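Right, one structure below, let's go through it.
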Amino acid sequence: MANESTATLYRMVLPDHTCPFGVRAKEMLEGSGFDVEDRVLASRDEVDAFKAEQGVQTTPQVFIGGERIGGSDDLEDYLAKR
Numbered sequence: 783m784a785n786e787s788t789a790t791l792y793r794m795v796l797p798d799h800t801c802p803f804g805v806r807a808k809e810m811l812e813g814s815g816f817d818v819e820d821r822v823l824a825s826r827d828e829v830d831a832f833k834a835e836q837g838v839q840t841t842p843q844v845f846i847g848g849e850r851i852g853g854s855d856d857l858e859d860y861l862a863k864r
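Residue numbering for the sequence shown follows my numbering, starting at 783 and increasing by one per position.
Printed below as a string of structure tokens:
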């Protein structure tokens, strides 16, 4: 079973833009005591490939215990229910 205290965060950090939702998700995870595996998507190609591979429209995407939680709003809902 995957570690429930570790979260994997895929977020966009481009040379000219850092996604504020990714920053928010990281802060929420750290504030909730998670060890964050921060997977930075550093180019538009990486972002597009990740979204296509995962079948999602947006980044960031958070995974906890091997389960996709979703973006920062989904994460906020998930943490509120813990």
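Think of the CB as a built atom: it goes at the ideal place given N, C-alpha and C, for glycine as much as any other residue.
Just so you know, these numbers come straight off a predicted model, no measurement behind them.
task: Give me whichever residues DSSP pairs with residue 794 in a beta bridge.
output: 823
query: In terms of alpha-carbon separation, which member of 802, 862, 817 lies closest to residue 846?
result: 817
- prompt: My guess is that residue 819 and residue 840 are in contact by the Cβ rule of under 8 Å, so how many angstroms apart are they, rounded?
  reply: With a contact defined as Cβ atoms closer than 8 Å, residue 819 and residue 840 miss out at about 19 Å.
Three-way DSSP call (helix, strand, coil) for residue 804 in this model: helix
message: DSSP three-state label for residue 837, please.
response: Coil at residue 837, not helix or strand.
- prompt: Could you check where the alpha helix (DSSP H) with residue 849 kicks off and where it finishes?
  reply: Careful: residue 849 lies outside any alpha helix (DSSP H), inside the beta strand (DSSP E) at 849-852.
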